[in-house]
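The next block holds one structure in the form of structure tokens; read it before the comments.
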Amino acid sequence: MQRIMIVEQREAIERGVTDACPCSWLTVEVALYAGLAILALSVRLAALGRFPLSLPEAETAVAAWRAAQGDAWRPEAYSPLLFDANLLLFWLTRATDGAARLLPALVGAALVVAPWAVRRTVGRTAALLMAALFALAPSWVYTSRANDWPIVAAASVALLLVTVDRYLQTGAASDARRVAVALGLALMAGPAVVTPLLVLGALGVVWARRHPILGPARLRGLVVGAATPTNLALVVGVLAAVGSALWVNPGGIGAAANLVWRWFADLAPDASDRPWSALPVALLTYEFLTIGLATVGAVAGLRRRESLDQFLVAWAALALGLGVLLGHRGPQWVLDALLPLVVLAGRGGAYLWRTLRDAVTWADAVALVVAVVLVIFALLELAAWIHTTQQPFLIYGLFVIGVLVLAWIGFYWWGQPVQAVRVGVTVLLLVAVGLTVRTTTAIAYQTARDPREPLVGQAMVPHARDMEAFLTLLSDRTTGDQRALDVAYDRALDPWAGWYLRRFAAAQSAAGVGRVGTQATVLVTGPDGADPGLAGYVGQRFILTETWPAQSLSLREYLHWFLYRAPVGAVERSYLHVWVQAPGDALAIQRTSSTP
């Protein structure tokens, strides 16, 4: 009785403290998530319109812009969610590169708080580490700054898995309805939703077979509870309402089905596809921190035979297998394999934290400081060698690294193994974090149109804005209006030419631009249109594409690119040509303009 009274008094005191403090919800954990979300949003919105739209970005953007003008043109495959967002933004604001990328940036920042909803399933520490990777890892930042479907699809898949996790825990009808809504959104975001759905179905069957008594009944109950007529109607309703943009774009419903078909169509590699190593190389180039922690999480989880880790490993293995053995090799499929790896990385980091945090001593701190100082010195020596090519710097750097490795081995065998592992893991993590931040800043703000980047591949129209500025100046000089010039461009250059010429009211696409009979003042032709065959035209060329063909690099050249993103090797270029009919002002502008 006395114990009950003490408990009641304690609860009353806690309730009183809670009532007295309106900010009791603001814990350290909440503050960390909020800080990561703000940081992620800042990184994604900074200089969002700095680079011109790539070809996949321009397809959806120009379709939405033309729809806002009453045109029915649509690309062969596009994300209805992105189209709807672009359409709304172009109605409300000016159609700019930054406005086209706003939804991916917001979605990428919102993805940072998704681990909060599953922290009880994956673990609180693991969820925080996942949020940090979502906020700052290179692939997530880069795709969040592009008007393309991968980041929207990854966020939709994450939302779907969050609702599925909650439904598995509660089995409530309301949670099943949330799963239906999330599924409808994921089907319109991109084709990446197919991979986790296949793995979920396969592992569900395996789990039911492993538990022959209650497994089939449990699985059947979950499926029946989710596949109700109401939930199916919700999926169809979301597809119809959001996919068609409230019936502004009825073709968006078919586009959603086309996205699912695209997942299967891309399985067949063709001659133009990237090599089998493209996907692993992209992951190792940008996500070495995630892969290292994910390896720890996968090994620890499989040893414990936890269902969650088995699902994540199967998902990552399927995505990697589809990329290595089949046709899912392009940069748009990187997040398909990376999403389960991030969850595994969070769980791997949490496992390391639990394993190595106990019994930390001052000796560990001293050893860590010494090791960090030696690593910094070695990196400085390697940097000096990269810049100067003087061999003594390389020798000094390798010597310090060798001494550090031998000291660690001696510390492990003749000292304390746990302390040695703790110091070694900490040093490796610090180096990986530093390189990850450097890689993120490079791919986001420095080399987002460099074909040497595996996530870029082929840089499309890096000089599109130079072409637009040239035509604006020409129009102002010849007509007195910056947008009054009549322009005819080759239809093969759509959609990006339509996007960057959208402000010229008289611009139109046509087949065979440059042939005899063309009357436009300005002609824009592709790489095959070097000579329009018409008298009285003068030309100006601009870079259309840049590609970096496979070529061998020395260790120094690779490190020079990896650390500093300095140009290495030879880049292949193709050009577009702008032909001006009026010889007077056009010739003057042509002489004063820089030719790439």
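So the number in this note's numbering is just where the residue sits in the sequence shown, counting from 1, plus 115. Heads up, the beta-carbon is just placed ideally off N, CA and C, and yes, glycines get one too. Because the structure is a prediction, the values reported are computed rather than measured.
Practice problem: Report the option in Gln623, Leu156, Val536 and Val338 whose CA atom is closest to the CA atom of Leu315. | Solution: The residue given as residue 315 occupies position 200 in the sequence shown. Cα-wise, what sits closest to Leu315 is Val338.
Quiz item: Excluding the five sequence neighbours on either side, which residues of its own chain have a C-beta within less than 7 Å of the C-beta of Gly366, listed in chain order?
Solution: Within the sequence shown, residue 366 is the residue found at index 251, counting from 1. Contacts found: Arg189.
Quiz item: Looking only at its own chain, which residues have a Cβ that is under 8 Å from the Cβ of Glu687, when we skip the five neighbours before and after it?
Solution: For this step, residue 687 is matched to residue 572 along the sequence shown. Closer than 8 Å at Cβ, skipping near neighbours: Glu661, Thr662, Trp663 and Pro664.
Quiz prompt | Limits of the beta strand (DSSP E) - the one that Ser689 falls within | solution = Taking the first residue of the sequence shown as position 1, residue 689 is located at position 574. Segment Glu687 to Val695, the beta strand (DSSP E) holding Ser689.
Quiz prompt | Status (buried if at least 16 other CB within 10 Å, exposed otherwise) for Phe514 | solution = Stepping through the sequence shown from its first residue, residue 514 is reached at position 399. Phe514 is exposed by the Cβ-count criterion.
Practice problem: Check Val683 in the structure and name its three-state DSSP category. | Solution: If you number the sequence shown from 1, residue 683 lands on position 568. Reduced to three states, the DSSP call for Val683 is coil.
Practice problem: Kindly identify the DSSP beta-bridge partner or partners of Ser624. | Solution: In the sequence shown, the residue the question calls residue 624 occupies position 509. BP columns for Ser624 point to Tyr604.
Quiz item: Is the segment 256–264 touching the segment 157–166, taking contact as three or more C-beta pairs under 8 Å?
Solution: yes
Self-check item: Local Cβ density within 10 Å of Glu402, reported as buried at 16 or more and exposed below that
Solution: Counting from 1 along the sequence shown, the entry for residue 402 is found at position 287. Glu402 should be labelled buried.
Self-check item: Closest Cα partner of Leu275 within the set Phe198, Val233, Ala626 and Phe379
Solution: Taking the sequence shown and counting its residues from 1, the one referred to as residue 275 is at position 160. Ranking the options by Cα distance to Leu275, first place goes to Val233.
Quiz item: Under the rule that 16 or more other beta-carbon atoms within 10 Å means buried, what is Gly567, buried or exposed?
Solution: Position 452 of the sequence shown, counted from the first residue, corresponds to residue 567. It is worth fixing the name first, because residue 567 is Arg in this sequence and not Gly. Buried, because 16 or more other Cβ atoms sit within 10 Å of the Cβ of Arg567.
Quiz prompt | Touching by the beta-carbon criterion (3+ pairs, under 8 Å), the segment 665–683 and the segment 474–492 | solution = no
Quiz item: Considering only residues of the same chain and omitting the five flanking positions on each side of Leu450, which have a CB-CB separation below 8 Å?
Solution: To locate residue 450, count along the sequence shown from 1; it is residue 335. Within the same chain, Leu450 has close Cβ partners Ser254, Trp255, Thr258, Pro265, Ile266, Ala268, Ala269 and Ala307.
Quiz item: For Gly654, which residues does DSSP report across the bridge?
Solution: Numbered from 1 along the sequence shown, position 539 holds the residue referred to as residue 654. DSSP lists Trp694 as partners of Gly654.
Practice problem: Count the other CB atoms, across all protein chains shown, that sit within 10 Å of the CB of Gly369; report buried if there are 16 or more and exposed otherwise. | Solution: On the sequence shown, position 254 is the one that residue 369 refers to. Flag for Gly369 reads exposed.
Exercise. Tell me, to the nearest whole angstrom, how far the beta carbon of Leu217 is from that of Trp611; I am working on the premise that it is less than 8 Å.
Key: Here the question's residue 217 lines up with position 102 in the sequence shown. Here the question's residue 611 lines up with position 496 in the sequence shown. Going by Cβ atoms, the distance from Leu217 to Trp611 rounds to 19 Å, so no, they are not a contact pair.
Practice problem: Identify which residue in Val375, Ala332 and Thr208 has its Cα closest to the Cα of Tyr193. | Solution: Working through the sequence shown from its first residue, we reach residue 193 at position 78. Considering only alpha carbons, the answer is Val375.
Quiz item: Below 8 Å between beta carbons: does that hold for Ala621 and Leu600?
Solution: Along the sequence shown, read from residue 1 onward, the residue named residue 621 stands at position 506. Along the sequence shown, read from residue 1 onward, the residue named residue 600 stands at position 485. Yes, Cβ-Cβ distance for Ala621 and Leu600 is below 8 Å.
Quiz prompt | Cβ-Cβ separation, Leu226 to Met303 (assumed contact under 8 Å), whole Å | solution = Here residue 303 corresponds to residue number 188 of the sequence shown, with the count starting at 1. Here residue 226 corresponds to residue number 111 of the sequence shown, with the count starting at 1. With 8 Å as the limit, Met303 and Leu226 do not qualify as a contact, their Cβ atoms being about 17 Å apart.
Exercise. List the residues that DSSP assigns as beta-bridge partners of Ala574.
Key: Within the sequence shown, numbered from 1, the residue matching residue 574 stands at position 459. Answer is Glu661.
Quiz item: Per DSSP, what kind of secondary structure is Thr175 in: helix, strand or coil?
Solution: In the sequence shown, counting from the first residue as 1, residue 175 sits at position 60. Looking at Thr175 - three-state DSSP - the assignment turns out to be helix.
Exercise. Could you check what DSSP says for Val487 in three-state terms: helix, strand or coil?
Key: Within the sequence shown, residue 487 is the residue found at index 372, counting from 1. Correct three-state label for Val487: helix.
Exercise. Look at the alpha carbon of Ala187 and the alpha carbon of Pro230, and state the distance between them as a whole number of angstroms.
Key: For the purposes of this step, residue 187 is identified with residue 72 of the sequence shown, where counting begins at 1. For the purposes of this step, residue 230 is identified with residue 115 of the sequence shown, where counting begins at 1. Between Ala187 and Pro230, the C-alpha separation is close to 40 Å.
Self-check item: Given 8 Å, three or more beta-carbon pairs between the segment 454–462 and the segment 427–434
Solution: yes
Self-check item: Supposed contact pair Ala295 and Asn346 - C-beta distance, whole angstroms, cut 8 Å
Solution: Numbered from its first residue, the sequence shown carries residue 346 at position 231. Numbered from its first residue, the sequence shown carries residue 295 at position 180. At roughly 4 Å, the Cβ-Cβ gap stays under 8 Å, so Asn346 and Ala295 are in contact.
Self-check item: Whole-number beta carbon distance between Val228 and Tyr148, since they are thought to touch under 8 Å
Solution: Indexing the sequence shown from 1 puts residue 148 at position 33. Indexing the sequence shown from 1 puts residue 228 at position 113. Contact holds; Cβ gap of about 6 Å.
Quiz item: First and last residue of the beta strand (DSSP E) that includes Val637?
Solution: Working through the sequence shown from its first residue, we reach residue 637 at position 522. Here the beta strand (DSSP E) through Val637 covers Val637 to Thr640.
Quiz prompt | Boundaries of the alpha helix (DSSP H) in which Glu583 is found, first to last residue | solution = In the sequence shown, the residue the question calls residue 583 occupies position 468. Unbroken alpha helix (DSSP H) run through Glu583: Ala579 to Thr594.
Quiz prompt | Backbone CA spacing between Leu543 and Ala480 [nearest angstrom] | solution = In the sequence shown, the residue the question calls residue 543 occupies position 428. In the sequence shown, the residue the question calls residue 480 occupies position 365. Approximately 15 Å between the Cα atoms of the pair.
Self-check item: Three-state secondary structure (DSSP) of Trp391
Solution: Stepping through the sequence shown from its first residue, residue 391 is reached at position 276. Three-state result, Trp391: coil.
Quiz item: So Trp614 packs on Ala173, CB below 8 Å; how close in whole Å?
Solution: Working through the sequence shown from its first residue, we reach residue 614 at position 499. Working through the sequence shown from its first residue, we reach residue 173 at position 58. The pair is a contact, with the Cβ atoms about 5 Å apart (cut-off 8 Å).
Quiz item: Leaving out five residues before and five after Gly595 in sequence, what residues of the same chain have Cβ atoms less than 7 Å from its Cβ?
Solution: Numbered from its first residue, the sequence shown carries residue 595 at position 480. Hits under 7 Å: none found.
Quiz item: What is the rounded straight-line gap between the Cα of His692 and the Cα of Gly654?
Solution: Taking the sequence shown and counting its residues from 1, the one referred to as residue 692 is at position 577. Taking the sequence shown and counting its residues from 1, the one referred to as residue 654 is at position 539. Between His692 and Gly654, the C-alpha separation is close to 6 Å.
Self-check item: Range covered by the alpha helix (DSSP H) that runs through Phe403
Solution: Along the sequence shown, one-based indexing puts residue 403 at 288. First-last of the alpha helix (DSSP H) with Phe403: Phe403 to Arg419.
Exercise. Express the C-alpha separation of Val637 and Asp581 in angstroms, rounding to a whole number.
Key: Residue mapping note: residue 581 aligns to position 466 of the sequence shown, counting from 1. Residue mapping note: residue 637 aligns to position 522 of the sequence shown, counting from 1. Computed Cα separation, rounded: 15 Å.
Practice problem: Take Gly461 as the anchor and find which of Ala291, Val520 and Ala242 has the nearest alpha-carbon. | Solution: Your numbering for residue 461 matches position 346 in the sequence shown. Measuring from the Cα of Gly461, the nearest candidate turns out to be Ala242.
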